[in-house]
Amino acid sequence: MPRRRGLDAAYGSHTCSDAERLNRWALVAADAQNTQSQAPVRIQQDCNVYVSELKPGCAPEALKIAGDRQAYLLCVEGSVQLMDSKGKVQEMNQHDGAELKGPLELAPEAGAQGAFLLLFEMSKSSDRRYG
Numbered sequence: 477m478p479r480r481r482g483l484d485a486a487y488g489s490h491t492c493s494d495a496e497r498l499n500r501w502a503l504v505a506a507d508a509q510n511t512q513s514q515a516p517v518r519i520q521q522d523c524n525v526y527v528s529e530l531k532p533g534c535a536p537e538a539l540k541i542a543g544d545r546q547a548y549l550l551c552v553e554g555s556v557q558l559m560d561s562k563g564k565v566q567e568m569n570q571h572d573g574a575e576l577k578g579p580l581e582l583a584p585e586a587g588a589q590g591a592f593l594l595l596f597e598m599s600k601s602s603d604r605r606y607g
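So that you can map any letter, position 16 of the sequence shown is 492 in our numbering, and since no number is skipped, the others follow by simple counting.
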């Protein structure tokens with residue numbers, strides 16, 4: 477759905493090469509209004525979509541999530557370990573998801589089988605669950 481009525485829908489597809497996504501964050505979709513972004517797919521939402529395929533024991537360069545942003549991370553395949561805001565290691569396994577609130581630097585480390593990750597990063601929503 478476009479961000480507001482009257483906008484034409486913007487969507488597309490992109491196949492990432494191994495070099496684009498292996499042990500790194502590959503930006504595959506971004507806001508059509510963001511003129512700075514080089515994402516191959518443009519959407520009518522304030523959202524950036526990343527994928528990463530991690531070899532066992534590897535982590536991508538940290539992805540910075542600003543204080544006014546949030547993200548939803550899905551572990552599509554494999555497993556990863558993340559450090560939470562209290563410094564505790566959290567494990568995500570296949571099909572696990574996590575809601576992440578900035579500011580933070582995200583650099584999940586893949587488990588023994590590696591991992592395939594999908595991340596949606598967007599403007600932070602107000603949420604009574606977090607004081």
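Every residue, glycine too, gets a C-beta built ideally from N, C-alpha and C.
Query, Result
"Environment of Ala591 [buried if 16+ CB atoms lie within 10 Å]", "buried"
"Ser599 versus Ile519: straight-line alpha-carbon distance, rounded", "15 angstroms"
"The stretch 567-587 / the stretch 507-523 touching (three or more Cβ pairs under 8 angstroms)", "no"
"Minimum C-alpha distance to Val552 - residue among Val504, Leu593, Ala586", "Leu593"
"Coil, strand or helix - Asp560 by DSSP", "coil"
"CA-to-CA distance, Glu597 to Val565, given in whole angstroms", "21 angstroms"
"Exposure of Glu467, with buried meaning 16 or more beta-carbon neighbours within 10 Å", "Outside the displayed range of the chain (477 to 607) lies residue 467, so it cannot be described from this structure."
"Proximity below 8 angstroms, CB of Leu471 to CB of Leu576", "This structure cannot settle anything about residue 471, because the visible part of the chain is limited to 477 through 607."
"Rounded distance between the beta-carbons of Leu498 and Tyr526, thought under 8 angstroms", "No, Tyr526 and Leu498 are not in contact; Cβ-Cβ is about 13 angstroms, not under 8 angstroms."
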